[in-house]
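Chemist:
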Amino acid sequence: MWIEIKTKETSKDVRKEGLQQAINEDLCLKAEAAETSDIYVIQGSYSTKEAENIAKAMSDQIVQQFGINNQLYSKGAWVVIVRYKPQITDPVEQSILKLVEDTGLAAESATIMQKYIIKNATEEQIKAICEGLLANENTQQYGYGFETVNVKAFLTTAATAAAAEKEEELVSTIKITRASDRELERISKENTLSLTLEEMKAIQAHFKKLRREPTDAELETVAQTWSEHCKHKTFNSQMELELYDSSGKKTTETISNLFRETIVAATSNIAKRKEWKNNLVSVFKDNAGIIKFDEENCIAFKVETHNHPSALDPYGGAATGIGGVIRDVLGAGLGAKPIFSTDVFCFANPNYNEKLPKGVLHPKRTFKGVVSGVRDYGNRMGIPTINGSITFHNSYLAPLVYCGTAGIMPRWAVKKSPKPGDLIVVVGGKTGKDGLHGATFSSTELNEGLTTSVVQIGNAIEEKKMLDAILEARDRKLYNAITDCGAGGFSSAVGEMGKNLGADVELSQVPLKHGGMKPWEIWLSESQERMVVSVPEKNLQKLREICEKEGTGIAVIGSFTATKKLIVKQKSRTVAELDMGFLHNGLPKQKRKAVYREMKAKNSAQQRQKSGGNNNEILKKLLAMPSIASKEWVIRQYDHEVQANTIIKPLTGAANDGPSDASVVRPVSGSRKGIAVANGINPRYGIISPYWMAAAAIDEALRNIVATGGRISKTAILDNFCWANTDEPERLGTLVMAAKACKDFATAYGTPFISGKDSLHNEVFSDGKRIPILDTLLISAVAVIDDIENIVTMDVKKEGSSLYLIGETKNEMGGSHYSELAGLGLKEGNAPTIDAAKSKATFTAVEEAIKGKTVLACHDVSEGGIAVALAEMCFAGEIGADVELRNVPHNGDAINDTVVLFSESQTRFVAEVEKGKEAMFEDAMKKCGCSYGMIGKTKGKRLVISGSAGKIIDTNIKELKDAWQGTLKW
Amino acid sequence: MKQVRTLVIRAAGTNCNNETARAFELAGAQADQAHINELIKGSKKLQDYQMLAIPGGFSYGDDLGSGKVLANQLTLKLRQQLEDFVNSGKLTIGICNGFQVIIKMGLLPALNGLYVQNATLTNNGSGKFEDRWVWMKAENNSIFTRGIRRIYLPVNHGEGKFVANAEVIRQLQKERLVKLKYCDEKGNETMQYPYNPNNSMLGIAAVTNKEGNVFGMMPHPEKFVTKYTHPRWTREELPEEGEGLKIFRNMVEYADKELV
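Chains as they are written, first to last, in our numbering: chain A, 1 to 970; chain B, 1 to 260.
1. Rounded to whole angstroms, what's the CA-CA distance from G203(B) to Q192(B)? Just pull it up for me.
2. Pull out every residue of the stretch 44-67 of chain A whose Cβ sits closer than 7 Å to any Cβ of chain B, in chain order.
3. Are the beta-carbon atoms belonging to N257(A) and V401(A) less than 7 Å from one another?
4. Please list, in chain order, the chain A residues whose beta carbon lies closer than 8 Å to that of P262(B).
5. Helix, strand or coil for D32(B)? Go by DSSP, reduced to three states.
6. Which stretch, first to last residue, makes up the beta strand (DSSP E) that contains E19(B)?
7. Hey, does L99(A) have any beta-carbon neighbour from chain B nearer than 7 Å?
8. Taking 7 Å as the threshold (beta carbon to beta carbon), is E130(B) in contact with chain A?
9. Would you grab the beta carbon distance between N480(A) and S534(A) for me? Rounded to a whole angstrom, and I think it's under 8 Å.
10. Check whether the stretch 17-29 of chain B and the stretch 59-70 of chain A touch, using three or more Cβ-Cβ pairs below 8 Å as the test.
11. With three or more beta-carbon pairs closer than 8 Å as the criterion, would you say the stretch 460-479 of chain A touches the stretch 323-333 of chain A?
12. Could you work out which residue in T92(B), L82(B), I54(B) and F85(B) is closest to F215(B) when comparing CA atoms only?
13. Please decide whether T708(A) counts as near chain B, where near means a Cβ-Cβ distance under 7 Å.
14. Beta carbons nearer than 7 Å to chain A: which residues of the stretch 135-154 of chain B have them?
15. Quick one: residues in its chain with C-beta nearer than 6 Å to the C-beta of A493(A), no 5 flanking neighbours on either side, listed in chain order?
16. Tell me the DSSP secondary structure of I40(B) in three-state form.
17. With D504(A) as the anchor, note down where its alpha helix (DSSP H) starts and where it stops.
18. Name the two residues that bound the continuous alpha helix (DSSP H) containing Y142(A).
19. Between the Cα of N887(A) and the Cα atoms of A876(A), I866(A) and E878(A), which residue gives the shortest distance?
20. With DSSP run on the structure shown, which of helix, strand or coil describes R703(A)?
21. With a threshold of 7 Å between beta-carbons, can E641(A) be considered close to chain B, or not?
22. Classify W412(A) as buried or exposed, calling it buried when 16 or more other Cβ atoms lie within 10 Å of its own Cβ.
23. Measure the Cβ-Cβ separation of K430(A) and L478(A) and say whether it is below 7 Å.
24. Please list, in chain order, the residues of the stretch 790-809 of chain A that have any C-beta partner in chain B closer than 7 Å.
25. Give me the chain B residues within the contact set of P91(A), using Cβ-Cβ distance strictly less than 8 Å, ordered along the chain.
26. Buried or exposed for G244(B), going by 16 or more other Cβ atoms inside 10 Å?
27. For the stretch 182-196 of chain B, enumerate the residues whose C-beta is nearer than 8 Å to any C-beta of chain A, in chain order.
28. Just curious, the beta strand (DSSP E) that N196(B) is in, first and last residue?
29. At a Cβ threshold of 7 Å, is A31(B) touching chain A?
30. Report the neighbours of A119(B) on chain A: residues whose CB is nearer than 8 Å to its CB, in chain order.
31. For chain A, find out if any of its Cβ atoms is closer than 7 Å to the Cβ of R5(B); answer yes or no.
32. Can you list, in chain order, the residues of its chain with a C-beta nearer than 8 Å to that of E130(B)? Leave out the 5 residues immediately preceding and following it.
33. A469(A) touches chain B at which residues, Cβ-Cβ below 8 Å?
34. Just tell me which of D102(A), N682(A), E218(A) and E275(A) has its CA closest to the CA of A576(A).
35. Based on Cα-Cα distance, which residue from V664(A), N679(A) and A678(A) lies nearest to R672(A)?
36. Report all residues from its chain with a CB closer than 6 Å to the CB of E198(A); omit the five preceding and five following residues, and keep chain order.
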């Protein structure tokens with residue numbers, strides 16, 4: 001039986017309107033979207049009356065109408081239907097089955113389709129609409145016909161699809177012990193193992209010693225465990241670095257382990273200092289970094305990347321990215337309750353109009369899809385999305401999608417330890433064929449021939465049910481350890497948890513979505529929304545009752561042992577038997593060569609010549625650049641209020657629409673303490689210097705925290721490196737330089753890294769051409785705010801206050817937005833550099849001034865320089881300003897008005913100081929020895945800036961706001 | 001004094017249950033939470049409470065339309081209990097998803113008796129989920145809105161557009177059942193976006209039934225019980241207590257006087 005539900009003609013069909021807009025604006029076609037509807041095919045036998053009851057329960061009689069078993073016919077128009085591919089589980093199916101069941105009837109399965117009626121289009125245009133707007137071929141299938149379309153052809157279910165596959169040997173062995181080097185490489189490639197020859201040889205040697213061949217499951221398990229995703233092989237490898245300075249002089253350096261010598265070294269150093277001695281709770285070893293919040297609670301924070309899946313399916317990739325990082329936090333220690341999310345994206349320009357490489361989605365479609373994915377998953381989970389940023393550059397045809405989540409947990413719950421004899425229990429969703437090879441797939445570049453089994457869509461409600469069950473079980477102390485089923489599925493989760501113990505697993509106990517799965521597929525499947533917990537047998541019944549109440553799945557799939565062996569069986573037949581020692585320590589250490597050539601600073605004479613243009617227009621154009629422009633269209637689609645603890649929202653000011661620096665939640669209601677979150681990301685500077693790019697990312701994240709009233713001594717940071725192919729020595733060289741900056745500046749500022757992530761193969765590979773992304777480091781910062789009364793926001797508050805510029809301005813136009821706008825090329829000029837000691841003094845001065853209650857508003861100076869910072873403060877507060885540039889502190893080197901307005905020098909702030917409190921404010925500045933200057937007063941509704949040549953900017957702040965708000969608005 | 005008791009019902013996908021319970025506690029009530037499965041099983045009963053709250057979220061993912069699956073479940077599985085509860089004059093509030101649920105199951109406005117749907121909440125005029133703060137003008141003659149003239153709260157929804165046929169709208173006006181209407185910052189009723197964030201008919205943000213004991217609203221009063229969640233607390237002088245708490249206080253005071 002199928003039920004078709006559509007909007008009544010008297011009501012507004014928003015989906016139709018959205019489609020019409022996209023047909024006209026995105027595809028530039030004149031076709032007419034005439035009608036949309038949903039079709040639910042429900043397997044079961046029903047009388048006419050029963051079918052009608054189901055249809056009534058499913059539809060909204062006020063605005064919708066339904067039909068049962070209607071022919072899909074539309075005179076003189078095209079009929080299109082779209083559905084998820086059979087192997088992908090549509091989350092709506094569960095809700096339909098639930099509804100039918102509540103109605104007192106039975107249903108076996110349901111298939112969901114969308115139907116569209118489109119008029120005035122050629123067949124070619126229909127195809128373009130299907131492929132460009134309606135269906136993503138990586139996850140969905142579509143069919144169309146003139147006047148009618150055959151539904152039956154669309155009714156293959158996951159079960160029938162799987163059953164139709166040829167029955168093969170359930171467990172097969174792969175002959176590697178006698179394979180030649182070439183054959184080993186072929187085996188790695190054909191099975192998407194992403195293992196190097198050296199690694200294949202280590203596996204070969206191991207099995208030679210055992211005198212047998214590995215099974216498919218064993219080889220896959222080793223490949224997952226040894227993947228870049230899980231082991232961070234690049235960061236942990238030994239490197240020979242060749243360094244050429246700008247004059248070409250070469251020096252060499254041996255790095256025995258990049259991760260330990262940079263990121264970890266910084267944290268170890270800081271961990272001994274008094275600010276952090278008792279506050280760093282768990283770093284680098286768990287699913288998330290954990291710091292102390294107050295006497296009772298800790299905060300766990302993790303930021304993940306989900307780049308490759310989002311490139312293929314922006315919606316599903318972003319949604320499962322969020323879902324994954326939520327599980328990271330839920331799987332940290334004994335589990336933390338998520339309290340906020342942060343999302344940072346990098347896309348190519350939404351108005352990209354060059355020919356797209358084959359298989360690459362248009363950046364605007366990617367952008368919209370990613371935002372929808374975050375919205376639908378995050379909002380459904382009830383976790384406020386309070387922070388983020390979006391960077392646009394045409395290298396990001398391979399998009400970057402960073403998803404972060406923080407959680408709160410009681411201090412007793414920060415440690416986990418599975419015990420031998422504990423049951424291995426899976427809680428949450430069922431296991432299916434979706435998402436095989438995610439961990440190894442992320443180690444390859446995106447090319448045309450990728451299969452879709454790596455992509456999956458998320459089911460937020462499945463995850464919410466699981467989360468509710470887990471948090472109750474945590475508080476009742478029903479388990480000894482927990483971890484998420486992420487990349488590598490059970491193989492990673494069980495393998496990691498049982499690392500020092502041993503584990504026996506029986507795969508026949510795993511609840512499956514559908515039949516036709518081979519044992520290794522069950523073992524490796526990356527189906528979402530599953531957690532593995534280590535449960536003492538005596539607690540099992542209580543855990544079952546909780547899961548039953550919440551309506552989430554639970555199954556015992558084995559037990560932890562003391563054998564140091566990982567034994568996986570399917571109905572007592574051995575699928576894998578691996579030595580934990582080999583699995584976790586057998587990976588041969590890699591040696592790599594890295595090369596870095598310092599760029600000669602080019603003369604920045606050009607910028608000086610450009611000085612004197614129409615600065616009003618330049619400022620408006622800068623504000624309208626997509627990376628700087630308002631992200632309100634995105635932000636408002638995210639729920640940032642849920643949990644009722646968001647005290648500084650991503651948008652702020654007189655009309656709730658200015659750009660906040662950091663956002664803040666107060667996770668314990670009634671407490672004076674808050675948690676601030678911010679980020680820093682500056683890939684453009686990396687074109688000139690990866691070292692200074694990384695330093696600037698840290699600086700920017702901290703500026704945002706400090707501008708909001710946080711302190712750097714209470715701030716912990718996370719690193720997320722997204723690079724192109726680091727197998728190239730020159731690319732690896734830039735990674736090394738960025739990591740060195742991370743060490744230097746985290747150490748100097750005293751902000752420890754507590755967790756991180758790297759994603760190292762971000763490039764599009766098509767038609768023999770590589771399009772690498774810019775080297776991109778995201779720094780995410782989380783800070784404990786001791787007293788929320790100290791918080792300030794960036795919007796100008798009053799007329800007649802004094803405006804101060806804090807920090808030193810230098811001629812650093814390299815990689816700046818001004819340079820890009822002026823068409824100067826991003827390599828022109830110097831990238832911003834930082835004197836750590838001076839910067840630290842600047843941070844301290846701002847912290848003290850804010851604490852001393854002299855500051856009404858504070859904003860960091862970043863993209864677009866002082867001009868953009870002032871404009872944002874003014875239009876957010878709906879109050880203008882009169883500013884004189886001559887009082888801006890600078891280092892005297894090649895400074896002119898243009899440089900002062902638009903240079904992106906680091907560690908600078910603009911502060912609005914309350915009238916009468918200037919002396920107090922200046923005392924704080926002087927005490928800390930930082931550069932500052934009183935640059936003007938707040939006044940009226942215009943931003944007026946005078947430079948050496950008189951008034952160089954004089955414009956209504958409303959016009960500035962309009963320019964800033966006009967770009968990303970659909 | 002015997003404390004007033006509230007039951008906050010949750011289901012798969014409900015996500016405002018904790019802050020809703022917290023708001024009732026701040027207003028002086030005892031607030032328990034129950035999963036719908038516990039009510040169906042009978043381990044918790046509505047009759048033990050004077051107030052019932054169906055909070056916001058995405059029950060069952062809002063698949064098939066917001067609140068549909070939970071509305072169907074409540075109608076079929078708790079029909080008698082709910083009917084007894086409502087008919088006894090006890091208080092029910094549905095907020096956001098909870099409002100969507102009770103309007104779709106016909107608990108509200110119930111112009112033709114219980115379980116007959118008169119109106120609905122459907123896709124926002126803007127076609128997307130939106131999070132923003134809105135002003136509303138109150139009709140201050142109900143149990144829930146007593147003493148409120150204007151109120152400022154956040155909306156966080158994708159399906160909040162109030163729709164009904166002309167006859168229903170006429171009756172709602174005649175019986176004065178519309179209790180909150182979107183307005184501009186000066187208090188003028190308006191259909192203009194984004195003041196009216198979802199293009200609701202008549203700018204309707206909240207309605208009650210004829211008896212006045214069942215109330216549904218799209219905006220979230222539980223999100224504004226302290227000044228710190230106000231979007232402009234860093235630039236305006238505000239009282240410590242948020243405006244949303246008044247609605248919960250009204251309920252608790254009424255229940256304390258009339259229902260305990």
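Backbone N, C-alpha and C define an ideal beta-carbon position, used for all residues, glycine too.
Modeler: Result, derived from the coordinates:
1. 9 Å
2. A57, M58, D60, Q61, I62 and V63
3. no
4. One cannot answer for residue 262(B) here, as it falls past the ends of chain B, which runs 1 to 260.
5. strand
6. Counting along the chain, E19(B) falls outside any beta strand (DSSP E), though it belongs to the alpha helix (DSSP H) covering N17 to L26.
7. yes
8. yes
9. 5 Å
10. no
11. yes
12. T92(B)
13. no
14. P154
15. T483, C485 and V532
16. helix
17. Segment A503 to E506 is the beta strand (DSSP E) holding D504(A); no alpha helix (DSSP H) there.
18. Not the alpha helix (DSSP H): Y142(A) falls in the beta strand (DSSP E), residues Q140 to T148.
19. I866(A)
20. helix
21. yes
22. exposed
23. no
24. I791, V792, T793, D795 and K797
25. G61 and D63
26. buried
27. none
28. Where N196(B) is concerned, there is no enclosing beta strand (DSSP E), given that its DSSP letter is neither H nor E.
29. no
30. I62
31. no
32. N124, V155, N156, H157, G158, P194, P197 and N198
33. The contacting residues do not exist; A469(A) stays about 10 Å from chain B at best.
34. E218(A)
35. V664(A)
36. P588
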